[in-house]
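What follows is one structure encoded as structure tokens, with my remarks underneath.
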């Protein structure tokens, strides 16, 4: 099973461009797979490896609460500082290896991470063209990396300022996935504009985290992220109602707008978010409720997934087995638990980004500018 | 017709140039004497009214203040533009920021006195003039360097927003560009040339929209229009020069402006039918195209039109009839519906039900006459602008082209 998954991963990586998902089954079976993969990927140990453990530092950043993409940028910036490469090409190779290691170290696929790493590498290439002298270039990259880190908070503030104008007094705002950017918008609406509204949150049953301790799946268990989101929004003084994921369509008639975060925004203007977002988007469209997506521009990715299958790859059988803890799972029963889904652009009304409020059609032009 | 009279006015604009300075001096004098006039009409509005009076007399002045729709919008826009251009010429200072501020002051003065949607049009005109001034001054003053900085200010993505040198504030480059001096004569000439081009664009906007009619209206088709609109009228007349088609006009009660439209079309020997608004759905199955003019187009692609336009657009969607929205560029506004309070304006209900007629039930019945309808973005098939036809999803690009800002961007 393990060999199958790794070999299929490798074959898929070689053949398809959209190798955005690397299925590492959750739990203890991981370590062997990830070790073998990382050993295979970093065939030549780079000079910086001994002094600077990329994954350790990355995990440290994440533990400190930094979102994934800025944490990656910070790690890569630090790598530039420690690097002993003499040329831009050498630097880029090291950065690419470090990016791969970070990507493999996350148990869930993170498109935001991949997009941010790619953007950073692009930025390195562009800076090296602007500044031909290597030492100067390195200095500039380190400077910008540091400043980028500071920018993250301003990004969210900007998005908050854009987004809070779309929430009116007395609105019922529905959300899914407990995004920090959505929290920034709600906070701006309460603290800057002093608006009163209510929030409806889906439990966001995210299986890897909630699988531990769930009783036969009968008791609803929220993901930690959503729990934290609810706590924070309650602390703002906004009433929060939690509904199970299956009740999204039933509750949609009470909602005035839907506000979602994003893991990635792709070239067509489609939005990739935690699984369950597509349910919400379809229900919203059916009931003429506007859907707003809040995403920082570093989440924009140069991908063009054509269907839901382009995202998911393989299945995660383990979590659902807990449903049958007391008895053996019926033989031949299959489980399919995607982690993310894609909301097509025609379901999205507006995107709130730090570059302004965009329609989905404007995303591709933003991407061109980002990747220039 | 009216466009020749405008060029006559152009010949008289040399009086307009000194007129602004004279009026401004007089207003300043009056303000010194009587402080209450400080909140009245400033020199820009006086100039504007003077220009309009010269052409249309009392009717124009009445049109501005009460929003009867009697005023030809293009007249108003041209006059406002001439006032703004005079304000630019009479600014003693020479930097882009100061020129823009002069334009903004003159524009704000006029906007205070105008009712919706005309104040939005003048606001958009001010934004466009400011963008023209800034780009001309930068092009003349700083060659490539400042232009790139300006582009970067506009791009504003997360990488390019980072300061170029450590320690400079992120907006320093925009400030640097803004204070680029316009001292040189060439810059002044360049700004005036650009403004003349803009005037030409404004002057010809209606004819350029009308020129596109032959691509859309074909022989033996049935076209449905709503009420009276000069843009739609010119559009149809232009197509009628080369092909025969039938026009159905919805009367647009309670103002019944459709009656004037029918008269205007019949004068040109067109095959025209007048229907009541309630019959729009019934007749839609026989219609090939719906041609509307909106009042304001908002940043998300939705349109604000007169009451009755939404009904027509929904019926058209149900019958899969294409809806063309004729849009002079000054109707494109970089705001979203929640920032457009005029959307909920009410007209006097006397046109619906006279006050005297309600004596029996006055306390128990409310009569409303909303002015505007809000058409969501997916109802409009194509926006026909003077510069070409575009779908709603392209509006963000047009807004950036015209006004240089991402819609909804704060500040």
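Chains as they are written, first to last, in this note's numbering: chain A, 368 to 739; chain B, 4 to 414.
Beta carbons: idealized from backbone N, C-alpha and C, even for Gly.
Since the model is a prediction, treat every value here as computed from it, not as a measurement.
Close beta carbons around residue i, own chain, < 7 Å, minus the five adjacent residues each side
i             : result
residue 604/A : 557
residue 380/B : 303, 304, 305, 395
residue 355/B : 257, 370, 372
residue 109/B : 47, 86, 87, 90
residue 51/B  : 82, 83, 86, 113
residue 489/A : 738
residue 522/A : 663, 721
residue 10/B  : Annotation note: pLDDT 37 at residue 10/B (below 50); position unreliable, no value reported.
Chain-ordered neighbours of residue i on chain A, where CB pairs are closer than 9 Å
i             : result
residue 274/B : Within 9 Å Cβ-Cβ: nothing; residue 274/B doesn't reach chain A, min ~38 Å.
residue 303/B : 716, 717, 724, 726
Neighbourhood of residue i by C-beta distance below 8 Å, restricted to the same chain and skipping five residues each side
i             : result
residue 301/B : 307, 336, 338, 339, 340, 343
residue 528/A : 555, 559
residue 94/B  : 101, 102, 105
residue 494/A : 504, 507, 508, 511
residue 239/B : 216, 220, 226, 228, 250, 268, 273, 294
residue 233/B : 75, 76, 77, 209
residue 168/B : Here the model assigns residue 168/B a pLDDT of 37, short of 50, so the residue's position is not dependable, and the following value carries that caveat. Once the five neighbours on either side are set aside, residue 168/B has no close Cβ partner at all.
residue 405/B : 127, 130, 131, 134, 332, 335
residue 417/B : Residue 417/B falls outside the range modelled here, since chain B spans only 4 to 414, and no answer is possible.
Endpoints, the beta strand (DSSP E) within which residue i is located
i             : result
residue 392/B : 391 to 393
residue 308/B : 306 to 309
residue 518/A : Looking at the DSSP string, residue 518/A is not in any beta strand (DSSP E); the run it does join, the alpha helix (DSSP H), is 501 to 531.
residue 296/B : 292 to 296
residue 639/A : 638 to 641
residue 98/B  : Counting along the chain, residue 98/B falls outside any beta strand (DSSP E), and DSSP gives it neither H nor E.
Pair within 8 Å by beta-carbon distance, residue i and residue j
i             : j             : result
residue 425/A : residue 439/A : yes
residue 530/A : residue 719/A : yes
residue 648/A : residue 619/A : no
residue 199/B : residue 124/B : no
residue 566/A : residue 625/A : no
residue 291/B : residue 265/B : no
residue 526/A : residue 548/A : yes
residue 287/B : residue 318/B : yes
residue 330/A : residue 545/A : Nothing can be reported for residue 330/A: it is not among the residues displayed for chain A, which extend from 368 to 739.
residue 346/B : residue 377/B : yes
residue 213/B : residue 237/B : yes
residue 327/B : residue 245/B : no
residue 543/A : residue 644/A : yes
residue 188/B : residue 80/B  : no
residue 460/A : residue 491/A : no
residue 262/B : residue 271/B : no
Interface partners of residue i on chain B, CB under 8 Å
i             : result
residue 728/A : 396, 397, 399
Neighbour list for residue i in chain A, Cβ cutoff strictly below 8 Å
i             : result
residue 341/B : 532, 533, 535
Own chain, CB closer than 6 Å to residue i, minus 5 neighbours either side, in chain order
i             : result
residue 712/A : 635, 636, 637, 727
residue 466/A : 484
residue 334/B : 299, 300
residue 616/A : 650
residue 310/B : 373, 376
residue 241/B : 213, 216
Reference residue i, options the options, closest by Cα
i             : options                    : result
residue 251/B : 293/B, 240/B, 321/B        : 293/B
residue 671/A : 662/A, 700/A, 631/A        : 631/A
residue 507/A : 600/A, 467/A, 455/A        : 455/A
residue 708/A : 590/A, 669/A, 678/A, 698/A : 678/A
residue 667/A : 545/A, 734/A, 515/A        : 734/A
residue 278/B : 238/B, 360/B, 228/B        : 228/B
residue 193/B : 205/B, 246/B, 139/B, 243/B : 139/B
residue 391/B : 362/B, 399/B, 331/B        : 331/B
residue 284/B : 314/B, 263/B, 259/B, 271/B : 314/B
residue 129/B : 320/B, 296/B, 275/B, 201/B : 201/B
residue 731/A : 669/A, 640/A, 675/A, 445/A : 669/A
residue 453/A : 423/A, 500/A, 420/A, 478/A : 500/A
residue 450/A : 520/A, 540/A, 421/A        : 421/A
Endpoints, the alpha helix (DSSP H) within which residue i is located
i             : result
residue 329/B : That residue, residue 329/B, is in no alpha helix (DSSP H); its beta strand (DSSP E) goes 326 to 330.
residue 482/A : 478 to 497
residue 399/B : 398 to 406
residue 659/A : Careful: residue 659/A lies outside any alpha helix (DSSP H), inside the beta strand (DSSP E) at 657 to 661.
residue 647/A : 644 to 653
residue 219/B : 216 to 219
Within chain B, the residues that residue i reaches when beta carbons sit closer than 9 Å
i             : result
residue 634/A : The contacting residues do not exist; residue 634/A stays about 14 Å from chain B at best.
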